[in-house]
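First the structure, in the form of structure tokens, and then the observations on it.
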Amino acid sequence: KIDGLKVACIGAGYVGGPTMAVIAMKCPTVTVTVLDISEERIAAWNDEDLDNLPVYEPGLAAVVAETRGRNLFFSTDVEGAVAAADIVFVSVNTPTKLHGVGKGRAADVKNLEACARTIARVSSSNKIIVEKSTVPIKTAETIRRVLEANKRPGCEFSVLSNPEFLAEGTAVDDLFEPSRVLIGGEDKPAGRTAVAQLAAVYNNWVARERIITTNLWSSELSKLVANAFLAQRISSINSISALCERTGADVSEVARAVGSDHRIGPNFLKASLGFGGSCFQKDILNLVYLAERFGLPEVAAYWEQVIAMNEWQKRRFAEGMVSSMFNSVSGKRIALLGFAFKKDTADVRETAAAYVSKFLLEERAHLRVYDPKVRLPAMLSELDYTCGVTPENCPDLATRFVSCASALEACDGADALAVMTEWDEFASIDFEAAFAAMRKPAFVFDGRNVLDHAKLRAIGFQVYVIGKPTSPSATVM
Ligand code: NAI
Numbered sequence: 010k011i012d013g014l015k016v017a018c019i020g021a022g023y024v025g026g027p028t029m030a031v032i033a034m035k036c037p038t039v040t041v042t043v044l045d046i047s048e049e050r051i052a053a054w055n056d057e058d059l060d061n062l063p064v065y066e067p068g069l070a071a072v073v074a075e076t077r078g079r080n081l082f083f084s085t086d087v088e089g090a091v092a093a094a095d096i097v098f099v100s101v102n103t104p105t106k107l108h109g110v111g112k113g114r115a116a117d118v119k120n121l122e123a124c125a126r127t128i129a130r131v132s133s134s135n136k137i138i139v140e141k142s143t144v145p146i147k148t149a150e151t152i153r154r155v156l157e158a159n160k161r162p163g164c165e166f167s168v169l170s171n172p173e174f175l176a177e178g179t180a181v182d183d184l185f186e187p188s189r190v191l192i193g194g195e196d197k198p199a200g201r202t203a204v205a206q207l208a209a210v211y212n213n214w215v216a217r218e219r220i221i222t223t224n225l226w227s228s229e230l231s232k233l234v235a236n237a238f239l240a241q242r243i244s245s246i247n248s249i250s251a252l253c254e255r256t257g258a259d260v261s262e263v264a265r266a267v268g269s270d271h272r273i274g275p276n277f278l279k280a281s282l283g284f285g286g287s288c289f290q291k292d293i294l295n296l297v298y299l300a301e302r303f304g305l306p307e308v309a310a311y312w313e314q315v316i317a318m319n320e321w322q323k324r325r326f327a328e329g330m331v332s333s334m335f336n337s338v339s340g341k342r343i344a345l346l347g348f349a350f351k352k353d354t355a356d357v358r359e360t361a362a363a364y365v366s367k368f369l370l371e372e373r374a375h376l377r378v379y380d381p382k383v384r385l386p387a388m389l390s391e392l393d394y395t396c397g398v399t400p401e402n403c404p405d406l407a408t409r410f411v412s413c414a415s416a417l418e419a420c421d422g423a424d425a426l427a428v429m430t431e432w433d434e435f436a437s438i439d440f441e442a443a444f445a446a447m448r449k450p451a452f453v454f455d456g457r458n459v460l461d462h463a464k465l466r467a468i469g470f471q472v473y474v475i476g477k478p479t480s481p482s483a484t485v486m
């Protein structure tokens, strides 16, 4: 049924790249072409050195090595590949609008609209168009109308919603064994045929019972709701972490006790300095905007609180660092361990580390940053894009925000080290050597609860952990 099928995907980003690579691997008789307007990105996907792929994901390089040039291709020829395709995925970015109506809340779907116009213009055969991007509910209707208004005579399109549930850092495993594949389509003969066609692609490696089919609007909304629920769990446990710090309860013990109830479950109950990433905040803001637009202010206020709690947690962590270090970090050196928004990715979009950096830079601290996968230009770009920190408005940024080649190098001469990202390798740092090289008292702020705190205290560190009692000699965070 799918032999010889031609698939194109517009958008070669964190979702388009890995998703299509896995489809190509699991469906060797399907030809997959991943497209982007960014020549740089496509060149990186085509780089012979697999270390230079634009997306770092464990296991991804092996999938690309197996498929690239066989039935997986990366190209900037959007028009040519779309014209030839039977199925066109659209996996472009849908950022929060920065201006106009819905500014700061609504998702901007202009990239999707542009893709729909291109598809209509270049197509002379029937196609299935698949929304892979996370979109506001009813976007499929926008795409359908743009296609209808611009298509060539005799050309038919079916629009499907197929949101992606992969998590960065585990994208390849998530794609190999998805918890579910969601496909939304129109309840008409053509819609049902299109749903069956896409389900057949996934069914090459995903069991039929894991492929959920719904109407278009349920599918679009489910993605926003899934992200809102996940983020809500983090904000919920983070709110409790503050209560733990005031009372002597330990948030890890509380999370374990609460999460053991099968109705609640243990996942996504880890307190931290706050969530980041390109999706949670954007998608909740989008949900809030939609609720307001549909006249449901109570629903909007409910979900908005998830974001407010996250902002508070990030600020609380950064303020706690300053107050613990005798209310001033001016001129002090602080090692930031990790900058990615989570481990096993080089993605820094909306990372809590950028927020903490901005706060500490305003307090005139000197930051030494080490991340196993993130390089200085990406850190500076995120500091600028999300936090507005630039060399123009931040005095001596180049000397006060420096990236280091190792954790120990970052700690050399530092007053404090702060864990921003839960990279596994941080647990095996030589903390005795770090302590010896740091100014005293030497502080540890574990924003991810990944270090051995008893051992650190035995070495002599003043240790602060989100949601845990502080060391006896330390003031309350
Ligand atoms: P991304 O920014 O990494 O990639 C999007 C790509 O689309 C960029 O390379 C951009 O150049 C390209 N693009 C934009 N407009 C284009 C056009 N008109 N023609 C050709 N190329 C165009 O974004 P990412 O992270 O892959 O996200 C894509 C969508 O998937 C978003 O809607 C996001 O919310 C959603 N999503 C993201 C997840 C993630 O973990 N990053 C997970 C699940 C969904």
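For the sequence shown, the UniProt record's numbering assigns the number 10 to the initial residue and increments by one for each residue that follows.
Think of the CB as a built atom: it goes at the ideal place given N, C-alpha and C, for glycine as much as any other residue.
inquiry  = Measuring straight from C-alpha to C-alpha, what distance separates P145 and K279?
reply    = 29 Å
ask   = Can you tell me the Cα-Cα spacing of A327 and V365, whole angstroms?
value = 6 Å
query = Beta carbon of T103: closer than 7 Å to some heavy atom of the ligand ZN?
reply = The ligand ZN is not among the ligands present in this structure, which contains only the ligand NAI.
task = May I ask whether a heavy atom of the ligand NAI can be found less than 7 Å away from the beta carbon of G20?
result = yes
message = If we require 4 or more residues per run, which alpha helix (DSSP H) segments fall completely within the segment 282-339?
response = 289-302 and 306-333
key: Proximity to F238 [Cα-Cα], best of D292, T148 and N120   = D292
key: Residue of E372, Q290, I152 and S337 minimising C-alpha distance to Q314   = Q290
message = Below 7 Å, is the gap between the Cβ of K449 and the nearest heavy atom of the ligand NAI?
response = no
ask   = Anyone know if the C-beta pair for I51 and A209 falls short of 8 Å?
value = no
inquiry  = Quick check: T127 and A116, are their CB atoms within less than 8 Å of each other?
reply    = no
ask   = How is K15 classed by DSSP in three states: helix, strand or coil?
value = strand
Cβ-based burial, S333 [other Cβ within 10 Å; buried from 16] = buried
task = Under 6 Å Cβ to Cβ from S412, same chain only, skipping five residues before and after it: list those, please.
result = V378 and L385
key: N-terminal and C-terminal residue of the beta strand (DSSP E) that E140 is part of   = K136 to E140
query = In its own chain, which residues sit with a C-beta less than 6 Å from the C-beta of D455, not counting the 5 before and 5 after it?
reply = V428 and V474
task = Please go through the segment 359-399 and give each complete alpha helix (DSSP H) segment of 4 or more residues, from N-terminal end onward.
result = 361-371 and 385-396
query = Looking only at C-alpha atoms, which of L230, A149, A258 and T28 sits nearest to K297?
reply = The sequence given here places Val at residue 297; Lys does not occur at that position. Among L230, A149, A258 and T28, the Cα nearest to that of V297 belongs to L230.
query = Does the Cβ of N295 lie closer than 7 Å to at least one heavy atom of the ligand NAI?
reply = no
message = Could you pull the DSSP bridge partners for V428 from this structure?
response = L346 and D455
task = Measure the beta-carbon distance from K141 to V24 and round it to whole angstroms, keeping in mind my assumption that it falls under 8 Å.
result = 6 Å
Exposure of T256, with buried meaning 16 or more beta-carbon neighbours within 10 Å = exposed
query = By DSSP, does Y23 sit in helix, in strand, or in coil?
reply = coil
Selection from V72, D95 and S245 that minimises the alpha carbon distance to I316 = S245
inquiry  = Pairs of beta-carbons, one from the segment 163-171 and one from the segment 192-199, closer than 8 Å: are there three or more?
reply    = yes
inquiry  = I'd like the list of long-range same chain contacts for A483, defined as Cβ closer than 6 Å, with 5 residues on each side in sequence excluded.
reply    = Caution applies to A483, whose pLDDT of 46 falls short of 50 and renders its modelled position unreliable; the model cannot decide the point.
key: First through last residue of the alpha helix (DSSP H) which encompasses S228   = L225 to T256
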